[in-house]
Amino acid sequence: MVKRMVGPGAVSAAALAPRTSCKYALRARSTLYSFTHAAPNGSTELTQPISIARRIMGTSKSSSVELPEELLSAIRSGTCIAFVGAGFSIPANFPNWIELLNGLSQHVSVGLQKHIKLLLAKKDGSASLEEAAQAIEDELGQDKMAKRLKTRLTISKLPPNMAERIHLLQGIPFRAILTTNFDMLLEGETPSAQAYRKIMRAPRPRWWDEGFWDQKACFPPVLKLHGDVRKANTVVLTRRGYRQRLHNDPHFTRFLSALFTQHTVLYLGFSFSDAYLNELRSGALSLLGEADGASPIAYAIANDVPPRSANHLRHHEGIRALSYSSNGNKDFSGFDKLLREIHEATNPLLHFGRRLKGRRLLWLDEEPQNNALIERFFLQAKREAHLPLGTLQVTRALSVDKAVAALHSSAQKNEQFDLVISHCGQGFKGQTVAEQLLAAMRRRDLRSPVLIFSSNQDASERRRRALALGAHEYCWSFGGLLRAIERVLGPGIEHES
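Position in the sequence shown (from 1) plus 4 gives the number in the working numbering.
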């Protein structure tokens with residue numbers, strides 16, 4: 005069996021992850037495997053460490069899984085962390101671990117090359133691979149070795165299925181994404197007090213906040229636990245590197261311990277083979293209790309998990325396995341299917357976009373250019389939902405008379421507008437433009453929900469008067485308007501973190 009690798013700490017899924025997954029970490033680790041997303045896939049012949057995992061996990065097929073509502077709720081509320089491992093990046097076709105070490109050994113002395121060759125031929129698990137990595141780093145130095153790694157892990161163009169996985173991952177409103185991969189598939193920060201603060205304390209933009217509309221700003225923050233090849237001094241690849249990460253930065257384990265305790269974790273293409281991560285998981289499980297019937301503290305997308313193994317994980321590891329059949333380790337599309345289902349169930353832009361499908365909207369404003377920002381959001385939401393551009397029909401009216409005429413014409417055709425939005429505007433005889441529109445609609449029995457969108461000047465009084473005339477809501481911010489639209493057009497998912 006050949007395993008793909010991604011970053012330190014990511015081993016191919018012999019149990020919870022596809023067996024073709026990957027791993028860069030070379031330490032001897034515990035033998036429970038699961039599936040997370042990450043960067044490169046590398047593989048290593050790890051025969052002995054997998055034996056226990058095979059006993060635990062078995063090889064039988066699993067049926068399709070219904071996504072747990074508790075997991076989806078945690079994601080929507082911003083209390084779920086994605087933990088991405090090597091299996092996620094299998095489609096990137098990175099070299100496996102032995103191939104990577106072989107390539108790096110071409111840049112060391114002839115004597116060391118022979119020694120590396122002997123070590124890689126042993127096939128005794130992580131020990132020899134760790135020794136080989138440490139020997140190469142000792143001779144090349146950390147900077148030069150990181151540059152060689154970067155060269156080996158650089159791809160000119162992402163395969164479409166890899167790009168799709170990254171798109172789906174970034175579109176799920178996780179509190180944060182943690183990865184043990186040091187490749188360049190996911191952009192993120194390396195461990196630091198600033199990075200910890202951003203994940204633990206910094207407010208995340210909610211879907212109706214203008215900051216969320218910036219595609220990159222709405223992505224969950226990424227923390228690369230084992231470094232980034234673009235920053236040579238951050239890469240953790242050898243036993244010494246792991247030791248320094250754990251003991252030279254005491255806040256590292258405190259941060260992870262707090263995260264595991266306070267958040268639900270979804271493991272994606274990740275191997276549970278990092279001893280220190282398993283200890284932290286165990287600590288969180290012990291603190292939160294292992295009572296029967298307690299909600300799982302983590303979930304893992306995994307292939308071919310037998311019922312008994314799933315029961316073991318649930319009751320002794322606090323992990324609920326979301327298993328799919330890989331058809332004898334030949335087809336891992338089930339991973340993509342589950343990831344896509346999670347994305348579709350939780351992505352707020354996609355949900356808002358679907359609320360717009362087939363809708364007819366009338367917008368009364370003497371200066372329609374003022375609404376360009378909202379219309380840009382509509383367009384972005386429709387794109388996320390893969391809706392054709394004409395799926396939302398927006399009729400613009402520059403006056404109350406024209407708005408009433410459009411409403412009357414639609415009513416005669418039995419094609420009422422799904423929503424009317426009006427600015428407040430300066431009217432006459434003591435009535436605002438919005439109040440004139442509402443009064444005219446009541447007189448002619450033109451029935452469509454109306455939202456008033458204006459400034460917050462005298463908002464309390466204006467809102468009282470508008471609601472008394474039948475308005476659905478009075479809004480004075482883009483976020484307030486979007487939330488009101490969501491309520492009018494149907495039940496939606498709000499991400500408030």
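Where a beta carbon is used, it is the ideal one built from N, C-alpha and C, also for glycine.
Beta-carbon contacts of residue i that lie in its chain and below 7 Å, excluding the five residues immediately before and after
{"i": "S330", "result": "P22, N307, D308, F336 and G338"}
{"i": "L410", "result": "Correcting the residue identity first, residue 410 is Ala in this sequence and not Leu. Counting only Cβ-Cβ distances below 7 Å, and skipping sequence neighbours, we find L366, T399 and A401."}
{"i": "A314", "result": "A325 and S327"}
{"i": "A4", "result": "Residue 4 is absent from the structure shown; the chain starts at 5 and stops at 501."}
{"i": "Q420", "result": "S414, R451 and S452"}
Whole-number beta carbon distance between residue j and residue i, since they are thought to touch under 8 Å
{"i": "G474", "j": "V454", "result": "7 Å"}
{"i": "S109", "j": "I120", "result": "4 Å"}
{"i": "S426", "j": "I456", "result": "6 Å"}
{"i": "R179", "j": "C84", "result": "6 Å"}
{"i": "Q146", "j": "N237", "result": "6 Å"}
{"i": "L124", "j": "N106", "result": "7 Å"}
{"i": "D405", "j": "R363", "result": "24 Å between Cβ atoms; not a contact."}
{"i": "L162", "j": "D187", "result": "About 12 Å separates the two Cβ atoms, so there is no contact after all."}
{"i": "P177", "j": "R80", "result": "7 Å"}
{"i": "L471", "j": "L368", "result": "That pair is no contact at about 18 Å."}
{"i": "R169", "j": "L343", "result": "7 Å"}
{"i": "I378", "j": "L284", "result": "In fact, because the Cβ distance is near 44 Å, the residues do not count as touching under 8 Å."}
Which residues DSSP lists as bridging residue i, in chain order
{"i": "D232", "result": "K235"}
{"i": "L368", "result": "A401 and S426"}
{"i": "L227", "result": "L182 and E193"}
{"i": "C84", "result": "T268"}
{"i": "R324", "result": "Y303"}
{"i": "E477", "result": "L455"}
Residue i burial status per 10 Å Cβ neighbour count (16 or more: buried)
{"i": "P311", "result": "exposed"}
{"i": "A150", "result": "buried"}
{"i": "P12", "result": "The predicted position of P12 is uncertain, since its pLDDT is 33 and thus under 50; no value can be drawn from it."}
{"i": "A17", "result": "Because A17 carries a pLDDT of 36, less than 50, the predicted location of this residue cannot be relied on, and the following value inherits that uncertainty. By the neighbour-count rule (16 or more Cβ atoms within 10 Å), A17 is buried."}
{"i": "N3", "result": "There is simply no residue 3 to check, as the chain begins at 5 and stops at 501 in what is shown."}
{"i": "K7", "result": "Any reading at K7 is ruled out, since the residue's pLDDT is 36, under 50, leaving its predicted position unreliable."}
{"i": "S290", "result": "exposed"}
{"i": "N460", "result": "exposed"}
{"i": "E500", "result": "Note on E500: pLDDT 42, under 50, position unreliable in the model; the coordinate value appears next. E500 should be labelled exposed."}
{"i": "P254", "result": "exposed"}
{"i": "F432", "result": "exposed"}
{"i": "N578", "result": "Nothing can be reported for residue 578, as the shown portion of the chain is limited to 5 through 501."}
{"i": "H355", "result": "buried"}
{"i": "S299", "result": "exposed"}
{"i": "P207", "result": "exposed"}
{"i": "N351", "result": "buried"}
{"i": "A438", "result": "buried"}
{"i": "S160", "result": "exposed"}
{"i": "H412", "result": "exposed"}
{"i": "R446", "result": "exposed"}
{"i": "R448", "result": "exposed"}
{"i": "G293", "result": "exposed"}
{"i": "S458", "result": "buried"}
Nonlocal neighbours in the same chain, by C-beta distance under 6 Å from residue i, ignoring five residues either side
{"i": "V424", "result": "L366, S452 and V454"}
{"i": "F259", "result": "Y200"}
{"i": "P3", "result": "The question about residue 3 has no answer, for the chain in this structure spans 5 to 501."}
Beta-carbon proximity of residue i to residue j, cut-off 7 Å
{"i": "I301", "j": "G273", "result": "no"}
{"i": "R249", "j": "V239", "result": "no"}
{"i": "L190", "j": "H347", "result": "no"}
{"i": "F87", "j": "Y271", "result": "yes"}
{"i": "A279", "j": "T265", "result": "no"}
{"i": "V69", "j": "K154", "result": "no"}
{"i": "T257", "j": "E141", "result": "no"}
{"i": "Q3", "j": "F223", "result": "With the chain covering only 5 through 501, there is no way to say anything about residue 3."}
{"i": "A463", "j": "E477", "result": "no"}
{"i": "V408", "j": "A376", "result": "no"}
{"i": "L76", "j": "A349", "result": "yes"}
{"i": "E143", "j": "V114", "result": "no"}
{"i": "T268", "j": "A78", "result": "yes"}
Contacting residues, own chain, Cβ-Cβ under 8 Å from residue i (five flanking each side not counted)
{"i": "L360", "result": "F382, A385, K386, A389, L391, T395, L396 and L493"}
{"i": "E193", "result": "A199, K202, P225, V226, L227 and K228"}
{"i": "K341", "result": "Y328"}
{"i": "E345", "result": "L71"}
{"i": "A262", "result": "M204"}
{"i": "P372", "result": "R400 and L402"}
{"i": "Q117", "result": "S109 and Q110"}
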